[in-house]
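**Student:** Protein chains in written order, with the working numbering: chain E, 6 to 326; chain P, 6 to 326.
(1) Mind checking if residue 37/E is an interface residue toward chain P, Cβ cutoff 8 Å exclusive?
(2) Is there a C-beta anywhere in chain P that falls below 8 Å from the one on residue 25/E?
(3) How big is the Cα-Cα spacing for residue 288/P and residue 96/E?
(4) Please list, in chain order, the chain E residues whose beta carbon lies closer than 7 Å to that of residue 29/P.
(5) Using C-beta distances below 7 Å, list every residue in its chain close to residue 25/E, excluding the 5 sequence neighbours before and after it, in chain order.
(6) Determine the direct distance from the alpha carbon of residue 56/P to that of residue 311/E, and round the result to whole angstroms.
(7) Excluding sequence positions up to five away, which residues of its chain have a Cβ less than 6 Å from the Cβ of residue 195/P?
(8) Along the chain, where does the alpha helix (DSSP H) containing residue 277/P start, and where does it finish?
(9) Can you tell me which of the three DSSP states residue 221/P falls into?
(10) Return the CA-CA distance between residue 153/P and residue 280/P, expressed in angstroms with no decimal places.
(11) With residue 247/E as the anchor, note down where its alpha helix (DSSP H) starts and where it stops.
(12) DSSP state of residue 194/P, grouped into three classes?
(13) Can you give me the Cβ contacts of residue 325/P inside the same chain, cut-off strictly under 7 Å, excluding the 5 residues immediately before and after it?
(14) Could you tell me if residue 125/E is buried or exposed, where buried requires 16 or more neighbouring beta carbons within 10 angstroms of its beta carbon?
(15) Thinking residue 35/P and residue 36/E are a contact (beta carbons under 8 Å), I'd like their distance in whole angstroms, please.
(16) Roughly how many whole angstroms lie between the Cα atoms of residue 129/E and residue 131/P?
(17) Flag residue 208/E as yes if its beta-carbon sits less than 8 Å from any beta-carbon of chain P, otherwise no.
(18) Skipping 5 residues on each side, what residues in its chain have a beta carbon closer than 8 Å to that of residue 17/E?
(19) Quick check on residue 151/P: does DSSP put it in helix, strand or coil?
(20) Strictly below 8 Å CB to CB, what residues from chain C border residue 14/P?
(21) Per DSSP, what kind of secondary structure is residue 238/P in: helix, strand or coil?
(22) For the beta strand (DSSP E) holding residue 98/P, just list the boundary residues, first then last.
(23) Taking the alpha helix (DSSP H) that residue 126/E belongs to, which residues open and close that run?
(24) Could you tell me which residues DSSP puts in a beta bridge with residue 210/E?
(25) With a cut-off of 8 Å on the beta carbons, I'd call residue 43/P and residue 62/P a contact; round off their distance for me.
(26) Would you call the segment 148-168 of chain P and the segment 179-196 of chain P touching, i.e. three or more CB-CB distances under 8 Å?
(27) Could you tell me which of 12/E, 259/E, 260/E and 117/E sits nearest to residue 245/E, measuring between CA atoms?
(28) So, does the CB of residue 211/E fall closer than 8 Å to a CB anywhere in chain P?
(29) Quick one: which residues of the segment 40-63 of chain E get their C-beta closer than 7 Å to a C-beta of chain P? List them in chain order.
(30) Mind checking who residue 104/P pairs with in its DSSP beta bridge?
(31) Taking Cβ-Cβ distances shorter than 8 Å, what residues in chain P pair up with residue 33/E?
(32) Whole angstroms are fine: how far does the CA of residue 69/P sit from the CA of residue 139/P?
(33) Please confirm if residue 327/P has its CB atom under 8 Å from at least one CB of chain E.
(34) Quick check on this structure: which residue in 104/E, 254/E and 241/E has the alpha carbon closest to the alpha carbon of residue 11/E?
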C-alpha cells in the first residue's frame with residue numbers, strides 16, 4: 006500500500022489546470038502498489054489514476070514506460086493509457102515528483118488465481134512480447150544478473166538475521182548462476198514484474214495488464230520464469246504443476262518457445278527467484294521507521310529458488326515435450 | 006491509510022451475491038481512514054465504498070451508525086448511504102468482519118482549509134445537530150470525560166518517553182477538567198470526529214460529511230470544540246482567530262449558542278484537545294510491528310490543550326459578543 010507523497014489542494018488544482026479533465030470530483034489515495042504514490046482521481050472527464058513517481062523510478066526511464074503503454078495499446082494489449090496534458094505532454098511535475106495521469110482500468114486482481122487464470126496470463130504475456138517487438142525505445146534491465154551483485158553485497162552483512170546461512174547460500178547461488186547464465190535467448194520488451202496484482206480480470210476473463218514500471222529489454226523466457234514464480238506456487242511453497250502447465254501452454258499458444266529457451270527455463274527461474282529474494286531482502290533489512298508498506302517476505306523466494314535448483318527440466322514445470 | 010483485512014476473490018463474490026449490484030468491475034483498497042478497512046468497489050450498479058469494521062468498532066454500535074447515516078440523509082445532510090442487501094440488511098459479514106457497503110460520495114477533503122471553509126463546516130455541523138434531533142437511537146460517548154482516565158492510566162507509564170513531564174501534565178489536566186467539567190449543556194447526536202478528512206468539498210462548496218463511526222450523544226458545544234481544534238489551528242500550532250470566527254459564526258447561523266455553551270467552550274476545547282492527545286498517545290505508544298498506519302503525533306494536541314488553558318473566553322476563538 007502506498008501513498009508516500011501528500012498532494013495539497015492548491016498543487017492538485019494547479020496541476021490539473023494543465024489538463025482538459027474538468028472539475029475534480031474525488032481524489033483518494035490507493036492502498037496498492039509499493040513503488041509509487043497512486044491516487045484515484047475522479048473528474049468530470051472520467052476516472053483516472055494519478056501516479057507520483059517515487060525514488061525507485063528513474064525519471065529518465067519515464068518516457069520508455071509511458072511510450073510503451075501507448076505502443077502496447079495500439080497493438081491490442083489492454084493497459085492504462087497516459088492522458089496527455091494540454092501541452093501534449095504525458096509527464097508533468099506535482100508535489101516535487103514526476104507525475105502522470107493514466108486511464109482507470111476496470112478489473113480485479115486475483116488473490117487466489119487458479120490454473121485457468123495462469124493459462125490466460127501466459128497467453129497475455131506472449132501477446133505483450135509480440136506487441137512490444139516494434140517498440141522504438143529500449144531500456145536495460147537494471148535488475149538483471151548484472152544488477153544482483155550489489156544487492157548481495159548490500160544484504161550480506163545482515164542476511165543471516167533473516168535466515169541462518171542465507172549470506173552463504175545467496176552468495177553461492179549468485180556465483181553458480183553467473184557461471185551458467187544463458188545468453189543469446191530470444192528477447193525484446195518484457196514486463197518483468199507480472200505478479201497477480203498487476204493482472205486484472207473481469208469475472209474469469211483477463212481484462213488488462215498494469216504497472217509497467219519494471220518493463221525493460223531482456224529475454225522473453227526470463228519474463229515467463231518471473232510469472233512461473235509469481236503465479237504457480239501455492240501458499241505452502243509447493244509448485245503447482247497444473248498451473249505451470251497452463252501458464253506455459255498459454256504462452257506457447259501465441260509464441261512457441263525455442264529449444265534453447267525450454268532448456269534455459271530452470272536456470273532462468275532460479276535467477277528470477279534470486280532477483281526477487283534479493284530485492285525483498287534488501288527492503289526487509291531497510292524498513293524505515295513509520296513505513297507505510299509492509300515489506301514482503303524474502304524467504305518465500307528462497308523456497309522457490311531451492312525448488313528450481315532441484316528441477317531437472319521444463320517438464321517439471323508441466324511443459325509437455 | 007488503512008487496509009487491515011484482505012478479502013479473497015471467493016469471499017467477495019459470495020458476499021456480493023447477496024446484493025443487487027451486478028458484476029464487480031474494480032475493487033481497490035483505499036489509503037484513507039485509520040479505524041476500518043475501506044475498499045473502493047466499482048460494480049455494474051455503481052460505485053461504492055465497502056467497509057470492514059476492525060476491532061475498534063463495536064459491532065453492537067453498527068445499527069446506530071448505519072441508522073444515523075440513513076436518518077441524516079432524509080433530513081438533507083449529505084453523507085454516504087448504506088446499501089441494503091437483498092435480505093434487507095445493511096450489515097453483513099465478510100472476511101471475518103462486520104461489513105457494510107455505502108454509496109460513494111463525490112468530493113475532496115481539504116489539506117489546507119481556509120476560513121471560508123471553516124464557516125461552511127460550522128454551518129454543516131449545526132445542520133447535523135438539528136437533523137439528528139429526532140433520531141431514535143442513542144449511543145454513549147465512549148470517549149467522553151469518563152473515558153479519559155483509562156487512557157491516562159494506559160499511557161502514563163511511558164508518556165514521558167514522548168515528552169518529558171507529559172505524565173504529570175496530563176494527569177493534572179484530567180483532574181482539573183474533572184473538577185470543572187460542565188453538565189446539562191444542550192446536546193444530542195454529535196459527529197465527534199469532524200476532522201478535515203471527514204468533510205468533502207466540490208470546488209469551494211462543502212459537499213458532504215463522512216465517517217460517522219465516532220458519532221454518539223453528547224453536548225453540541227463539545228462537538229464544536231472538536232472542530233475548533235481540528236480546523237482552526239495552523240501547522241505551526243497557532244490558533245487562527247479568523248478561522249475560529251468563521252467556524253462559530255457559521256455554526257450560529259443555524260443554531261445560536263446558549264450563554265452556558267459560550268461560557269463552557271474553553272473548557273470543552275481543553276477537554277477535546279486532551280481526548281485526542283490521549284488516544285493519539287496510546288496509539289503512538291502501541292504501534293505494532295509492520296503497522297500500515299503512521300500514528301498521528303500526540304504533541305500537536307498537547308500544544309492545542311495548552312492554548313485553551315490560556316483562553317479567557319470564547320472571544321479568544323473569534324466569537325463576537
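Ideal Cβ positions, reconstructed from N, Cα and C, are used throughout, including at glycine.
**Tutor:** Let me lay it out:
(1) yes
(2) no
(3) 39 Å
(4) 113
(5) For residue 25/E, where only same-chain residues beyond five positions count, the Cβ hits under 7 Å are 50 and 91.
(6) Counting only the Cα atoms, residue 56/P lies some 40 Å from residue 311/E.
(7) 223 and 228
(8) 264-290
(9) strand
(10) Cα to Cα, residue 153/P sits roughly 7 Å from residue 280/P.
(11) 246-259
(12) strand
(13) none
(14) With 16 or more other Cβ atoms from the protein chains shown falling within 10 Å of its own Cβ, residue 125/E counts as buried.
(15) 6 Å
(16) 55 Å
(17) yes
(18) 29, 32 and 99
(19) In this structure, residue 151/P counts as helix in the three-state DSSP scheme.
(20) Reference to chain C is not applicable here, since the protein chains of this structure are E and P.
(21) strand
(22) 97-99
(23) 120-136
(24) 207/E
(25) 12 Å between Cβ atoms; not a contact.
(26) yes
(27) Nearest of 12/E, 259/E, 260/E and 117/E to residue 245/E, Cα basis: 117/E.
(28) no
(29) Answer in chain order: 45 and 47.
(30) 57/P and 97/P
(31) 35, 36, 37 and 45
(32) 13 Å
(33) Any answer about residue 327/P is impossible in this case: the structure gives chain P only from 6 up to 326.
(34) 104/E
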